[in-house]
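Comments concern the structure below.
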Amino acid sequence: MAIVITLDRVLKERNIRAKALAEAIGITEANLSILNSGKAKAVRFSTLDAICRVLKCQPGDIIRYTD
Numbered sequence: 001m002a003i004v005i006t007l008d009r010v011l012k013e014r015n016i017r018a019k020a021l022a023e024a025i026g027i028t029e030a031n032l033s034i035l036n037s038g039k040a041k042a043v044r045f046s047t048l049d050a051i052c053r054v055l056k057c058q059p060g061d062i063i064r065y066t067d
């Protein structure tokens, strides 16, 4: 069982670079990279909200659960 981050796919679909997203949501590229790689232990709802607002998506578009 795992939570999988699919942020790369959404960024590619919307033709947005990770650097631009990091700047838009107010976090460092390094922290976005940790989140994107699945190495983050947690994500703040405020960060998730900001990502979804900028990318115009739902949380389920960038996070999914697999068995």
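FYI, full-length UniProt numbering numbers position 62 of the sequence shown as 62, with every residue one higher than the one before it.
Quick reminder that beta carbons are idealized off the backbone N, C-alpha and C, glycines included.
The structure presented is a predicted model; accordingly, all values stated were derived computationally and were not measured.
Beta-bridge pairing of residue i - partner residues as DSSP gives them
i  : result
L4 : It is worth fixing the name first, because residue 4 is Val in this sequence and not Leu. In DSSP, V4 forms a bridge with R64.
Spatial neighbours of residue i in its chain, beta-carbon cut-off 6 Å, leaving aside the 5 residues before and after
i   : result
G38 : I5
Cβ shell of residue i (< 7 Å), same chain only, five flanking positions each side left out
i   : result
C52 : Q58, P59
I25 : T47, A50, I51, V54
I3  : I63, Y65
I27 : T47
Residues near residue i in its chain [Cβ-Cβ closer than 8 Å; skip 5 each side]
i   : result
K41 : none
Residue i: first and last residue of the uninterrupted alpha helix (DSSP H) it sits in
i   : result
A42 : Segment: none, A42 is in no alpha helix (DSSP H) and carries neither H nor E.
N15 : Neither: N15 is in no alpha helix (DSSP H) and is coded neither H nor E.
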